Amino acid sequence: MTIEKHQHVVNISRGLVFNEGDQSLPGEAIETKTVGQVTVDSPVISARHVNVHYGEKQAIKDVSIDVAKNAVIAFIGPSGCGKSTFLRCLNRMNDTIANAKVSGSIRLDGSDIYDRSQDIVQLRARVGMVFQKPNPFPKSIYENVAYGPKIHGLAGNRADLDEIVQLSLRKAGLWEEVKDRLDNPGTGLSGGQQQRLCIARAIAVDPEVILMDEPCSALDPIATAKVEDLIDELRENYAIVIVTHNMQQAARVSQRTAYFHLGDLIEVGPTEQIFTNPRHRLTEDYITGRFG
Amino acid sequence: MTESAGHQQTTQQRVAASLRRRYAAEMRFRAYGVFAVAVGLLFVAFLFTSIISKGYTAFEQTYVAVDVVYSPELIDPAGSRLAETLQAADYQAVLRASLRAEFPQFEGRTSLRHLYGTVSNSAEQVLRDRVLANPALIGGHERVWLLAHGHIDMFVKGQIDRNLPESARPISDEEIAWVDALQTAHRVQIRFNKAFFTAGDSREPEQAGVAGALAGSALTLFMALLLSFPIGVAAAVYLEEFAPKNVWTDIIEVNINNLAAVPSIVFGLLGLAMFIQFFGLPRSVPLVGGLVLSLMTLPTIIITGRASLKAVPPSIREAAFGMGASPMQMVLHHVLPLALPGVLTGTIIGMARALGESAPLLMIGMVAFIVDVPHGLSDPSTVLPVQIYLWAQSPERAFVERTSGAIMVLLGFLLLMNAVAVILRNRFERRW
Amino acid sequence: MIVVILLLASIAFQWAKHRAISLVGGTRGIRNLHSLPAYYGMYVALWCALPALAVLGVWHLFGDRVVIGMVLAQMPLAFQNLPADQAGLLLNDLRNVVAGAIPMDTVRPEIVAAAHHWQQLNAQSAVAGGLLALSVAIIVGVLALRTVRSDLRARNRVEKMAEWALLASSGIAVLTTVGILASVLYEAIHFFHFVSPIDFLFGTTWSPQMAMRDDQVGSSGAFGAVPLFAGTLLIALIALVVSVPVGLFSAIFLAEYAVRSVRTVIKPLLEILAGIPTVVYGFFAALTVGPLLRDFGVSVGLTVASESALSAGLVMGVMIIPFISSIADDMITAVPQSLRDGAYALGATRSETIRNVVLPAALPGIVGGVLLAASRAIGETMIVVMAAGLSANLTANPFQAVTTVTVQIATLLVGDSEFDSPKTLAAFALGLVLFFATLVLNVIALKVVRKYREQYD
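Chains as they are written, first to last, in this note's numbering: chain V, 334 to 625; chain S, 99 to 530; chain D, 78 to 534.
So this is what it looks like as structure tokens:
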């Protein structure tokens, strides 16, 4: 069984992959060693042949994948597999790391985000990010949410700003809990509330894509459930990329799942299929808990 | 869908619209940073060039050649050639007679005073030594290189402008002519100023040196090190390894941190009131100076000592305890040796600070005019920074150069100590 | 004498060690001892040396006074009833004669006699003290030696003593503070017998010159310290105005913008400024910056005194730059990267991140640093002594000469000072004010900084 699958990998790794699987989505043809359908129709983000080096060490090896609109894609894989690194490539957060080098192309709505003409500030306004540990600024709740719109000049006046803040907090499901204490420091909230505040902060800038780097790993189960519900709701308006260690979480919130292993993107597919019928041996080992 | 797209369009446009302004702000902000660093570096450069350009000439000194006639009538009229007679003879008169004979153009009291003033008054001693060493010189004459007076020295080094009106400069037209004449006769030399490193203080700038102050600094630092190193290390060990966590150790800790920030002059007040007034120790001596400085450097040594003790990982302590070592054995055999490079670095830095300190030493009288080089902890002495202060207060032009020279010596020593500290840290400090 | 005692102690060490070994029947029986033999040696040696040294020390401290009392008692009556100041002079003369600084043949015969008496007593005292210490060493040493048994917990006892020594060492720091407080308070209270604290703290005229004779004008002197406080604050303010922006922005540049290689070069270069002795800054202020400012003032039509608050303040500011920049650097690097990431992820530019996120987060720490710097500026002595002048002007004009608390302390106390004139004592009152002002600043600053550090630990 395993041997057979292995051979399958060898076979397709040199071939072209077209619209494979029954839930296939149309897309362009690209050369990849990844199992499954990496492309989608009219993607928000399409990454092609991305490599990332930290000095001598190669952290991402020739990864190609599309991110679809109004859907959640989950990146899973063992620690150090490169899923977070790849996520941080999508809004160029790796730029802050001195010796990181990214090659390949990542397109957002068709334009390369690593192009010299791409403005990094503008890019990040379009691709928001939520981090592993809630990191509210040491300011009031209101200021935390209002900060993005303020620096980007999104609100014409105070009333606009109030509206954006309220809307974002509502979308993040936090409004009812904090509406009476908007002037309290954001750091005074509970962990789960802080994380939802960070999500509100991200959506206040009205991005197209939200990247989430293990957003629930520092939260307790109840707070996690709330954030997961929130992610599901946000799918209506945004494309969401979530990195998670928790496979149940990936199964619960995402429509597509990508499995990373040692810098390689091993397999991509509809979440249901990945969890019920993985096609690559490594994916299966990981899903069934034999590895990782 | 269309509405959402349209909305996003405007968001993007708005972001794009704000970019110009924001990047301009970014550039400005960065420029402030560059400017601030540049200002800081500029000050460093300005300070050093100012001091070096003023001070490098202190390491050279002007000598003039004078034909000295050792007239027997002035030195030893009786012809006894006894050592006492030769010792007691009036060599100033010998020198003056020689100068008069050689430069007859100087006439009248003022002129003669100018002429006599061109050679440093240390010349007497030089002549005396020469005669005592070789009494056969009497009756003969020879050309002797003598130390020029400070004003002449300044003039030869180009630090006095000859174009100033005579009343505005310390040397007269006559003296300038004299120097010019000597220079054309190659009888003016600028030599390395050995006396600067071997002589004590003097009222005459051309004879003043830093040897006394250096010896005083060395003695004072020795005293300070002797006290503050063992006490500082012991205190650090106690606070880091033995002290129970209670109110008392808290008080000690807060107290040490505060002490590190108490103005140094307050330590001077302590020294004056306690050591001199209450305990009756003498003024102006390295003993008291060392005591005061050791109290001042103690907090630094304790704080850095504790930091390096803290850096030794707990596993070492557990390993020692696991072998059945007592707490004292654990510290002495394992933790302290590992922390020693850090402790030493802190001590050197503390000592460097003590070397540069002057305010508290003014209080305890180490500011006196002392010619002799001190040899013991209870000899009156001064220290290098106080010597700098004293010279800086002197109105004489020639002392500016000496002051800068002394500063260069002081900075040299500080640089050396800091370099040693850095090397020590880089070579022996481990990263855990 | 000390050498003899130490010698004795080392003998005691060997003796006790051998005794311990022989108690258990030679080196093979060491296991039966509670501690290693060397600890027994150490134990007895300590007992032998410490009390003896203590006796010697006490003798040394108080013996001199006893001798002086005895010498004075033996002198002719005329000398005993001298007023206090003349008695002091006499004593000084005597001391110098005894030390050989003044030749015997230049002073009065009474003094020579007294000096001989003194020398004689000194010799006797040294012998007596030595003998006493020696006997203490031997008696206590023998007593300790007798306690050596195989179950004596020698190691524990030695270590306990060592621990006490360590505790005493850390107590020195407390003693220093107590000493400072005691000496400054004592003399200051003395001063407030002459001048009321109200006049001192709120008076606006400062002229501490006391008349030598009663008939001179202005014999009272004035001790209103307000001009000094104002001058101190003015100079400290100028220093902070220079150093805070420069220090802060260089810290920001070095921590957030500069690449590693630039940082490793520039940071030590800036820190050179921190290592330069203050007397050098004073010289620089008085001889370079002062005249420069004066000439500049002339060229733009301002009258700038050559000893001005501005030159002292400017140079002091330069001195404090590295202090502020290194504290600010620490505080900025202590701000967690996750906060920066949060701002960058929203699309903030670097300067927006610094201004809106990093600096507010680091603010408490930076404020603490600035307070420490202020305390430093207030307590700085040499720069102001050399560059700020002595005239107690009550002015806010930075181009004039002002004087500061530290300058007055230094000038009032330099040279021979008698401890009974208000002029000298005023320095201690000023010292008291200075100590408390800096203490309050330091305590607040250290507390703020510590709290800030804990926040991100």
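C-beta: ideal position from N, C-alpha, C; glycine also.
Computed from a predicted model, the values in this text were never measured in an experiment.
| query | result |
| --- | --- |
| Neighbourhood of serine 178 of chain S by C-beta, 7 Å cutoff - its chain only, sequence neighbours within 5 removed | none |
| Whole-number beta carbon distance between proline 128 of chain D and valine 219 of chain D, since they are thought to touch under 8 Å | About 12 Å; that fails the 8 Å criterion. |
| Spatial distance of valine 101 of chain D from leucine 123 of chain D (CA atoms) | 23 Å |
| Endpoints, the alpha helix (DSSP H) within which serine 403 of chain D is located | 386-411 |
| Backbone secondary structure at valine 520 of chain D - three-state DSSP | helix |
| is_contact[leucine 487 of chain V, chain S] using C-beta, thresh 7 Å | yes |
| Within chain S, partners of phenylalanine 361 of chain D - CB distance below 8 Å | Leu145, Ser148, Ile149 |
| Alpha-carbon spacing of valine 385 of chain V relative to phenylalanine 320 of chain S, whole angstroms | 58 Å |
| Three or more C-beta pairs below 8 Å linking the stretch 147-167 of chain S and the stretch 238-245 of chain S | yes |
| Whole-number beta carbon distance between alanine 246 of chain S and threonine 160 of chain S, since they are thought to touch under 8 Å | 4 Å |
| Proximity test, Cβ basis, 7 Å: arginine 112 of chain S and chain V | yes |
| Limits of the unbroken alpha helix (DSSP H) element including isoleucine 216 of chain D | 186-223 |
| Rounded distance between the beta-carbons of alanine 231 of chain D and serine 403 of chain D, thought under 8 Å | Wrong, their Cβ atoms sit about 48 Å apart, outside the cutoff. |
| Contacting residues, own chain, Cβ-Cβ under 6 Å from leucine 394 of chain D (five flanking each side not counted) | Looking at the sequence itself, residue 394 of chain D is glycine, so the reference to leucine does not match. The residues are Ala316, Val319, Ser320. |
| Closer than 7 Å to chain S by CB, glutamate 240 of chain D | yes |
| Same chain only: Cβ atoms within 7 Å of aspartate 291 of chain D, ignoring 5 sequence neighbours per side | Unreliable positioning characterises aspartate 291 of chain D in this predicted model, as indicated by a pLDDT of 46, which lies under 50. A coordinate reading is not provided. |
| Through-space distance from glycine 602 of chain V to threonine 609 of chain V, alpha-carbon basis | 11 Å |
| Residues sharing a beta bridge with glutamine 159 of chain S, DSSP | S/Arg289 |
| Alpha-carbon spacing of arginine 453 of chain D relative to isoleucine 353 of chain D, whole angstroms | 15 Å |
| Under 9 Å (Cβ pairs) to chain V, residues found in the stretch 414-434 of chain D | Gln414, Ser415, Leu416, Arg417, Asp418, Gly419, Ala420, Tyr421, Ala422, Leu423, Gly424, Ala425, Thr426, Glu429, Asn433, Val434 |
| Per-residue contacts from alanine 438 of chain D into chain V (C-beta, under 8 Å) | Phe470, Pro471 |
| Minimum Cβ-Cβ distance from isoleucine 188 of chain D to chain S less than 7 Å | no |
| Nearest to aspartate 618 of chain V (by Cα), restricted to the options V/Asp597, V/Pro376, V/Thr604, V/Tyr592 | V/Tyr592 |
| Contacts around alanine 522 of chain D, its chain only, beta-carbon distance under 6 Å, and the 5 residues preceding and following it disregarded | Gly445, Leu448, Leu449 |
| Chain-order list of residues whose beta-carbon lies under 8 Å from that of alanine 335 of chain D (same chain, five-residue window excluded) | Ile343 |
| Contact list for methionine 461 of chain S against chain D, beta-carbon separation under 9 Å | Ile486, Ala487, Leu490, Val491, Ala504 |
| Alpha-carbon spacing of glycine 140 of chain D relative to asparagine 199 of chain D, whole angstroms | 9 Å |
| CB contact below 7 Å: arginine 612 of chain V versus chain D | no |
| The stretch 378-388 of chain D / the stretch 422-437 of chain D touching (three or more Cβ pairs under 8 Å) | no |
| Reduced DSSP category for serine 382 of chain S - H, G, I as helix; E, B as strand; rest coil | coil |
| Cβ pair count under 8 Å reaching 3, the stretch 323-334 of chain D against the stretch 128-140 of chain S | yes |
| Option in V/Gln370, V/Val460, V/Gly489 with minimal Cα separation from tyrosine 571 of chain V | V/Val460 |
| Within chain S, partners of asparagine 519 of chain D - CB distance below 7 Å | Asn356, Ala359 |
| Contact belief for isoleucine 443 of chain D with leucine 325 of chain D at Cβ below 8 Å, rounded distance in angstroms | 7 Å |
| Per-residue contacts from alanine 519 of chain S into chain V (C-beta, under 9 Å) | None at all; the shortest Cβ gap to chain V is about 29 Å. |
| 6 Å CB neighbourhood of methionine 545 of chain V in its chain, flanking five on each side removed | Val463, Ile575 |
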